[in-house]
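Here the structure is laid out as C-alpha cells; the discussion comes afterwards.
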C-alpha cells in the first residue's frame, strides 16, 4: 500500500497507508486527518478537500482537470501546487506522496 504523509498548517504530521484506486481525500478521511472536510464526498463540487501537493511530487501527481481548476476558484489560498484531494487517485507511483493541508478550507 502506498504511504501518503499529510502535514497540517501547524506542522502536525499524519503518516497514512492508502489503498490503490482510492483517492487521496478518502485516505485522509479514513485516517482522521484534520482539515480535509470533503463536504461533497468527493464529487468535485465543494473544494473542501483542498490541499497542496509537495513540489517534489507535482509532476508525478499531474495537473488538475479543467473542472477541478474551476472548483479551486472557491478554495482558500490557492497556490500553483493546489489540488482537490478527491481528484487524485492513489496509484503505486504515489508511494511517499506528501500533501500539505491549508490552515482552513474555503
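Numbering (our numbering), first residue to last: 100 to 205. For every residue, glycine included, the Cβ atom is placed at its ideal position computed from N, Cα and C.
- DSSP places residue 127 inside the alpha helix (DSSP H), whose first and last residues are 123-129.
- If you check the CB distance, residue 158 and residue 197 do not come in under 8 Å.
- Exposed is the label assigned to residue 138, since fewer than 16 other Cβ atoms lie within 10 Å of its Cβ.
- The continuous beta strand (DSSP E) containing residue 114 extends over residues 112-116.
- Shown here, residue 155 sits in a helix according to DSSP, grouped into three states.
- Between the C-alpha atoms of residue 202 and residue 135 there is a straight-line separation of about 10 Å.
- Between residue 200 and residue 105, the gap from beta carbon to beta carbon is short of 8 Å.
- For residue 170, the enclosing alpha helix (DSSP H) covers residues 165-171.
- A direct Cα-to-Cα measurement between residue 162 and residue 186 gives close to 10 Å.
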